[in-house]
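Enquirer: A single structure is presented below for examination.
Numbering (UniProt numbering), first residue to last: 1 to 166.
Quick look at the structure:
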């Protein structure tokens with residue numbers, strides 16, 4: 001839930017509700033780092049159609065817009081964004097991480113400066129094909145199917161088209 005704290009060793013991460021890619025999507029904040037999962041990537045934003053299909057994509061895109069504009073933009077510009085994955089086109093920073101400062105992404109990604117109507121049209125038009133295993137991943141994520149750790153790992157190894165152009 002939003003605001004919940006998760007302790008990992010001596011560190012405490014704070015949950016930030018960022019619905020849009022999925023209904024219950026959470027990002028996590030730790031000091032000056034924001035772990036954005038599938039909400040915000042280095043090259044784009046989370047696609048809104050995987051959980052509820054085409055019929056739910058406009059509503060999900062509006063939730064994603066609110067998450068980006070109201071929740072994530074509230075963090076200070078120097079916040080480091082650490083997405084859940086990165087594409088083959090992404091380049092690591094000098095320290096080897098696939099991260100970027102929030103202000104860099106705000107400048108780089110046109111989607112972050114669009115109004116809501118532009119954003120919804122941008123992220124719902126011309127979506128790439130859904131990964132062939134996405135329905136099974138959704139079932140696992142919703143708790144409708146139990147899989148062991150090895151199977152979950154293998155599902156994540158497949159094509160991952162979670163982002164749309166920024």
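We treat Cβ as the ideally placed atom computed from N, Cα and C, and that holds for glycine.
(1) Should residue 81 be labelled buried (16 or more other beta-carbon atoms within 10 Å of its own) or exposed?
(2) Kindly indicate which three-state DSSP category residue 52 falls into: helix, strand or coil?
(3) Out of 71, 45, 51, point me to the one whose CA is closest to residue 79's CA.
(4) When the Cβ atoms of the segment 83–94 are set against those of the segment 127–143, are three or more pairs found closer than 8 Å?
(5) At what residues does the alpha helix (DSSP H) containing residue 170 begin and finish?
(6) Which partner residues does residue 44 have in the DSSP bridge list?
Expert: The short version:
(1) buried
(2) coil
(3) 71
(4) no
(5) For residue 170 there is no data in the structure shown, the boundaries of the chain being 1 and 166.
(6) 165
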